[in-house]
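Q: Numbering (mature numbering (1 follows the signal peptide of the UniProt record, and there is no 0)), first residue to last: -18 to -1, 1 to 151.
Each residue gets a CB set at the ideal place from its N, CA and C atoms; glycine is no exception.
Below: one structure in structure tokens.
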């Protein structure tokens, strides 16, 4: 009986823990899923050597509220800004580095979080919206919420912040 209780506790605690992780995809995986259900892409552009990128992974993207919001509303993509891994997008072959440069308009800065909409036929619906630099969990939640709910509706970030209800305060 004691073993059964311990197993149940471990099962439920493990389930809660795994639900609080961001479901990271490759760009190719996100494109495939997007053909079935369209969502906005949230792309974390990082490098292996970037200290702030690693800090954001440990503090911001590991936060349960941030992870839950991302998983519900976005396809979360990790894109190494220096990788030469190739894939197809919009009928052309790109490396991760080339796509990062395209999304960042050549302004390579790490970490940068980029928000895009991709139609099922792999066409960008709007210009990429990059947010450069490290973001704390509360600031990232605000940015995620704004990008999902208001950015493409013409609402300014300053106006949105006034009405935004933070889950942290």
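Under a three-way DSSP split, which group does residue 114 fall into?
A: Looking up residue 114 in the chain shown gives position 132. It is a strand residue.
Q: With a threshold of 6 Å on Cβ separation, who are the neighbours of residue 122 within its own chain once the five nearest residues in sequence on each side are excluded?
A: Walking along the chain shown from the start, residue 122 turns up at place 140. Answer for residue 122: 42, 48, listed in chain order.
Q: For residue 53, I'd like the list of residues in its chain whose CB is within less than 7 Å of its CB, leaving aside the five on either flank, ordered along the chain.
A: Position 71 of the chain shown, counting from 1, holds the residue named residue 53. Counting only Cβ-Cβ distances below 7 Å, and skipping sequence neighbours, we find 4, 5.
Q: Just curious, the alpha helix (DSSP H) that residue 89 is in, first and last residue?
A: Within the chain shown, the letter at position 107 stands for residue 89. Here residue 89 belongs to no alpha helix (DSSP H), and DSSP marks it neither H nor E.
Q: Of the choices 104, 86, 139, 37, whose alpha-carbon is the least far from that of residue 19?
A: The count along the chain shown starts at 1 and reaches residue 19 at position 37. When only C-alpha atoms are compared, the closest one is 104.
Q: Report yes or no: do the region 51 to 67 and the region 15 to 33 share at least 3 C-beta pairs separated by less than 8 Å?
A: These segments touch.
Q: Tell me whether the beta-carbon of residue 55 lies closer than 8 Å to the beta-carbon of residue 21.
A: Translated into positions along the chain shown, residue 55 becomes position 73. Translated into positions along the chain shown, residue 21 becomes position 39. Yes, the Cβ-Cβ distance between residue 55 and residue 21 is below 8 Å.
Q: Per the DSSP calculation, residue 58 is bridged to which residue(s)?
A: Position 76 of the chain shown, counted from the first residue, corresponds to residue 58. DSSP output for residue 58 lists 6, 24 as bridge partner(s).
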